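Chains B and Z, in that order, give the protein sequences.
Counting along the first sequence from 1, when you hit position 118 you're at 162 in the numbering used here, and nothing is skipped either side.
Counting along the second sequence from 1, when you hit position 200 you're at 782 in the numbering used here, and nothing is skipped either side.
Backbone N, C-alpha and C fix where the C-beta goes; we use that ideal spot for every residue, glycine too.
As the structure is a computational prediction, the values presented were derived from the model and not from experiment.
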Amino acid sequence: MKVLVAVKRVLDYNVKARVKADKSGIELANVKMSMNPFDEIAIEEALRIKEAGKAEEVIAVSIGPSQSQETIRTALAMGADRGILIETDDEVQPLAVAKLLKHVAEKEEPGLLIVGKQAIDDDANQTGQMYSAITGWPQATFASKVEFEGDGLKVTREVDSGLESIQVAMPAVITTDLRLNEPRYAKLPNIMKAKKKPLEVIALADTGVSIETGLKTVEVNEPEEREAGIIVKSVDELVDRLRNEAKVI
Amino acid sequence: MHFGLTEEQQMIVDTVRSFVETEIYPHEDGVEKAGVVSPELGNEIKQKCIDLGFYAANFPQEVGGGGLGHLDFTLLERELGRGSMGLTHFFGRPSGILMACEGEQRERYLLPAVSGERMDALAMTEPGAGSDVRGMKCTAREQGGDWVVNGSKHFISHADVADFVIVFIATGEEETPRGPKKKITCFLVDRDTPGFAIKPGYQSVSHRGYQNCILEFDDCRLPSAQILGELHRGFDIANEWLYATRITVACMSVGRARRVLDLVLPHVAEREQFGQPIGRFQGVSFQIADMITSIDAADWLTLSAAWRLDQALPANREVASAKVYATEMLADVTDKAIQLYGGMGLMADLPLERFWRDARVERIWDGTSEIQRHIIGRELLRPLGC
Ligand SMILES: Cc1cc2nc3c(=O)[nH]c(=O)nc-3n(C[C@H](O)[C@H](O)[C@H](O)COP(=O)(O)OP(=O)(O)OC[C@H]3O[C@@H](n4cnc5c(N)ncnc54)[C@H](O)[C@@H]3O)c2cc1C
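This is the structure:
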């Protein structure tokens, strides 16, 4: 079985995001970019599945500009076997990503697609679900545990009320939650080998997939600054302020 | 010329940075307070590095090392420099001089040091012989094919956790036109050798948790098989292999200075006095400008010296320049950082006072600033007959 893992190049989680002067997006020039943390978890899970003898190959796929090759190399250094980049400089919305992943899956025929539950840049939390909708594959979102059971998978999901267990047939799409696993560090020998692993670059045009989605980013703004909090002296004052100032009770 | 990192170098940097932030930073306060690294913690860090293939990254792959060249290893150590030295010691960077091991010494010292089974320390300095290493009094006399050693060494880093020590010892004297000169031999000394004792050293203001020890030799008998390199030629292998340790000091200073700057920037951008962030005062922003300029300068000086070693170009002067400049830069950057934090900078609640204290030793060990300047001056002037 092959496992396909989608990895996205995003602003590093340590970097404080700044909005571009023209409000067209976030300033990405000269800032550190890294693999979306949920995708690291996805790679880790795929590697564990392979190490447990349940899969033969882990393929990392990214969609984005040429620099996304670095993100794929990071996946290869962690232990993925090969990479595929669908190269485009255009903004790619979740539906388009889902379509492009379907395009790759039709060729590779993986038994499993693992994606992060969301990317930390746009926080859309849609790709996995949309992929499921357009392919008819069962989806197991927000996975905090993945086990093989019979011909399918038993996936534990973190939901508001606690933990939910579901069973899915394969091929299936999984989206990873934070607590699924702790991603490994790249091993030095694997870092040195990453360059030698195959990385196929496909031009977006060659996929024949349209990335038009009817969704456009109009403007990006800084969040409103939070006002400083206050310390109240008594419960009475608290109730008074909640009632008369904040008007929430 | 190309100043960017390769993808591999970037991944090495990112991985080591993330390792230091996740596996080292959380233990730093504890080590600072206890003054030691517990054996369990040391072993845990060591085992993780072994599993990651980063242990002994400076050794060739043929002997089980990571196979990094000088430049790649310098990038690695620069990131390590962010972390507390007592802890990063267990990241495992055995002394390169072990490559001089021959025959069964490879099995007994080189290979176990690279695999992490045995840890090393290196001893030159004595109470009476610091900068003037050749002035050493620790002496070995030949007796029935063995060498009998008497004398002591001090300031020997991490000998407390070493399984063996690489020790430089006087084995005779020769007449030269400039007067008598000691002949020095390098020996491999196992921790449990009779007549050899590793004792606790002094309490250092810098790098708490990174212990220094006193070594004592009392009629300690060493077979000739313990000689590393050739008899009387200890300085030959020292010159071949130890020269790079000054790059270690330089690049770790750069890493630490960058960590300091990471703390200073948000502080001056957020700390308000007189109704505005202090970073808006030119008197403050100019200090920031000077900090980053000298950090970058030290970084490039160090990386280019490491690059020269990879190219087998002469690098003695360049390495000395990197060492002196980077360590003095760190002193200045940590001092400025405290100034910009004001009173809070001095409090143990923040790590700045630690970085400031830690910075002090960098100008002393591995050849003082004065000795580095002496090397630089000599390299420039000697060809002119001066
Ligand atoms: C914490 C710590 C750990 C150490 N770890 C080790 C270790 O693991 N192994 C090891 O072998 N050593 C180690 N050292 C020793 C270190 O390398 C020496 O301290 C250093 O070489 C200086 O020697 P010294 O302290 O005896 O000072 P001295 O040599 O006595 O120097 C005193 C002053 O005189 C100056 N001076 C000396 N000669 C000249 C000259 N020719 N021209 C101008 N100025 C001069 C020096 O620059 C210095 O300012 C360590 C030291 C410390 C503090």
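At a cut-off of 7 Å, is Ile-796 (chain Z) close to ligand 1 when judged by its beta-carbon and the heavy atoms of the ligand?
One-based indexing of the second sequence puts residue 796 (chain Z) at position 214. The answer is no for Ile-796 (chain Z).
Should Tyr-691 (chain Z) be labelled buried (16 or more other beta-carbon atoms within 10 Å of its own) or exposed?
Position 109 of the second sequence, counting from 1, holds the residue named residue 691 (chain Z). Tyr-691 (chain Z) is buried by the Cβ-count criterion.
Can we count Glu-961 (chain Z) as close to ligand 1, meaning its CB is less than 7 Å from some heavy atom?
As a first step, residue 961 (chain Z) is located in the second sequence; it is residue number 379 there, counting from the start. Checking every heavy atom of ligand 1 against the Cβ of Glu-961 (chain Z), none is found closer than 7 Å.
Write down the C-beta distance between Thr-200 (chain B) and Lys-189 (chain B) rounded to the nearest angstrom, noting that I regard them as a contact closer than 8 Å.
Here residue 200 (chain B) is taken as the residue at index 156 of the first sequence, counted from 1. Here residue 189 (chain B) is taken as the residue at index 145 of the first sequence, counted from 1. Thr-200 (chain B) to Lys-189 (chain B), Cβ: 4 Å. Contact.
Euclidean distance between Cα positions of Val-831 (chain Z) and Gly-273 (chain B)
Sequence index remark: in the second sequence, residue 831 (chain Z) carries index 249 (1-based). Sequence index remark: in the first sequence, residue 273 (chain B) carries index 229 (1-based). One C-alpha to the other measures close to 46 Å.
Are the C-beta of Pro-233 (chain B) and some C-beta of chain Z separated by less than 8 Å?
Position 189 of the first sequence, counted from the start, is the residue given in the question as residue 233 (chain B). Yes - at least one Cβ of chain Z is within 8 Å of the one on Pro-233 (chain B).
Output the boundary residues of the alpha helix (DSSP H) element that contains Met-873 (chain Z).
Within the second sequence, the letter at position 291 stands for residue 873 (chain Z). Where Met-873 (chain Z) is concerned, the enclosing alpha helix (DSSP H) stretches over 864 to 892.
Same chain only: Cβ atoms within 8 Å of Leu-243 (chain B), ignoring 5 sequence neighbours per side
Translated into positions along the first sequence, residue 243 (chain B) becomes position 199. Gln-113, Ile-116, Arg-117, Leu-120, Arg-126, Gly-127, Ile-128 and Leu-129.
Sequence-distant residues of the same chain with beta carbon closer than 8 Å to Thr-721 (chain Z), five excluded per side:
The residue given as residue 721 (chain Z) occupies position 139 in the second sequence. Same-chain partners within the cutoff: Val-731, Asn-732, Gly-733, Ile-751, Ala-752 and Thr-753.
Could you tell me whether the region 227 to 240 of chain B touches the region 633 to 640 of chain Z, using the rule of 3 or more Cβ pairs below 8 Å?
yes
Go ahead and pull the three-state DSSP assignment for Trp-729 (chain Z).
Counting from 1 along the second sequence, the entry for residue 729 (chain Z) is found at position 147. Reduced to three states, the DSSP call for Trp-729 (chain Z) is strand.
Suppose you measure from the CA of Gly-646 (chain Z) to the CA of Ala-168 (chain B); what does that come to, to the nearest Å?
Taking the second sequence and counting its residues from 1, the one referred to as residue 646 (chain Z) is at position 64. Taking the first sequence and counting its residues from 1, the one referred to as residue 168 (chain B) is at position 124. C-alpha separation (whole angstroms): 46 Å.
Could you tell me which of Z:Glu-689, Z:Trp-947, Z:Cys-968 and Z:Gly-924 sits nearest to Val-906 (chain Z), measuring between CA atoms?
On the second sequence, position 324 is the one that residue 906 (chain Z) refers to. Residue Z:Trp-947 is the option with its Cα nearest to Val-906 (chain Z).
For Thr-220 (chain B) versus Ile-85 (chain B), is the C-beta distance shorter than 8 Å?
Along the first sequence, one-based indexing puts residue 220 (chain B) at 176. Along the first sequence, one-based indexing puts residue 85 (chain B) at 41. Yes, the Cβ-Cβ distance between Thr-220 (chain B) and Ile-85 (chain B) is below 8 Å.
Is it the case that the region 921 to 933 of chain Z contacts the region 597 to 606 of chain Z, given that we only count it when at least three CB pairs across the two stretches are under 8 Å?
no
Would you kindly report the start and end of the unbroken beta strand (DSSP E) that includes Gly-127 (chain B)?
Position 83 of the first sequence holds residue 127 (chain B). Its beta strand (DSSP E) spans residues 126 to 131.
Option nearest Ala-741 (chain Z) by Cα separation, candidates Z:Pro-782, Z:Glu-756, Z:Arg-840 and Z:Trp-938:
Locating residue 741 (chain Z) in the second sequence gives position 159, where the first residue counts as 1. The residue with the shortest Cα to Cα distance from Ala-741 (chain Z) is Z:Pro-782.
Backbone CA spacing between Glu-614 (chain Z) and Glu-659 (chain Z) [nearest angstrom]
As a first step, residue 614 (chain Z) is located in the second sequence; it is residue number 32 there, counting from the start. As a first step, residue 659 (chain Z) is located in the second sequence; it is residue number 77 there, counting from the start. So the two alpha carbons sit approximately 21 Å from each other.
Would you kindly work out how many angstroms separate the C-alpha atoms of Ala-849 (chain Z) and Phe-868 (chain Z), rounded to a whole number?
To locate residue 849 (chain Z), count along the second sequence from 1; it is residue 267. To locate residue 868 (chain Z), count along the second sequence from 1; it is residue 286. The sequence shown places His at residue 849 (chain Z), not Ala. Rounded to the nearest angstrom, the two C-alpha atoms are 15 Å apart.
Please list the partners that Arg-117 (chain B) has in chain Z, where partner means a Cβ-to-Cβ separation under 8 Å.
Mapped onto the first sequence, residue 117 (chain B) falls at position 73. Ordered by position in chain Z, the residues that pass the 8 Å Cβ test against Arg-117 (chain B) are Glu-589 and Met-593.
In the DSSP output, which residue or residues are listed as bridge partners for Val-217 (chain B)?
Position 173 of the first sequence, counting from 1, holds the residue named residue 217 (chain B). Answer by DSSP bridge pairing, in chain order: B:Leu-157 and B:Gln-183.
Using the beta-carbon count (16 or more within 10 Å), is Thr-150 (chain B) buried or exposed?
Sequence index remark: in the first sequence, residue 150 (chain B) carries index 106 (1-based). Looking at the sequence itself, residue 150 (chain B) is Glu, so the reference to Thr does not match. Classification of Glu-150 (chain B): exposed, given that the 10 Å Cβ count is below 16.
Could you check whether the Cβ of Ile-953 (chain Z) sits closer than 7 Å to any heavy atom belonging to ligand 1?
For this step, residue 953 (chain Z) is matched to residue 371 along the second sequence. Result yes, Cβ under 7 Å from ligand 1.
Close Cβ partners of Glu-256 (chain B) (< 8 Å) along its chain, the five nearest in sequence each way excluded:
The residue given as residue 256 (chain B) occupies position 212 in the first sequence. Taken in chain order, the residues that qualify are Ala-140.
Would you call Lys-60 (chain B) buried or exposed, if buried means 16 or more other Cβ atoms sit within 10 Å of its Cβ?
For this step, residue 60 (chain B) is matched to residue 16 along the first sequence. Exposed, since its Cβ has fewer than 16 Cβ neighbours within 10 Å.
Cβ-Cβ distance between Ala-904 (chain Z) and Thr-884 (chain Z) below 8 Å
Within the second sequence, numbered from 1, the residue matching residue 904 (chain Z) stands at position 322. Within the second sequence, numbered from 1, the residue matching residue 884 (chain Z) stands at position 302. In this structure, Thr-884 (chain Z) lies closer than 8 Å to Ala-904 (chain Z) by Cβ.
In chain B, which residues lie less than 8 Å from Ala-639 (chain Z) when you measure between Cβ atoms?
As a position in the second sequence, residue 639 (chain Z) is number 57, starting the count at 1. Simply Leu-232.
Would you mind working out which of B:Glu-202, B:Arg-287, B:Pro-233 and B:Ala-163 sits nearest Thr-597 (chain Z), comparing C-alpha positions?
In the second sequence, counting from the first residue as 1, residue 597 (chain Z) sits at position 15. Ranking B:Glu-202, B:Arg-287, B:Pro-233 and B:Ala-163 by Cα distance to Thr-597 (chain Z) puts B:Pro-233 first.
Using the beta-carbon of each residue, which ones in chain B are nearer than 8 Å to Phe-778 (chain Z)?
If you number the second sequence from 1, residue 778 (chain Z) lands on position 196. Chain B residues near Phe-778 (chain Z): none, gap ~35 Å exceeds 8 Å.
Would you mind reading off the limits of the beta strand (DSSP E) that contains Asp-800 (chain Z)?
If you number the second sequence from 1, residue 800 (chain Z) lands on position 218. Taken as a continuous stretch (DSSP letters only), the beta strand (DSSP E) holding Asp-800 (chain Z) covers 794 to 805.
Following the continuous alpha helix (DSSP H) through Ile-860 (chain Z), name the residue where it begins and the one where it ends.
Here residue 860 (chain Z) refers to the residue found at position 278 when the second sequence is read from its first residue. Here Ile-860 (chain Z) belongs to no alpha helix (DSSP H), and DSSP marks it neither H nor E.
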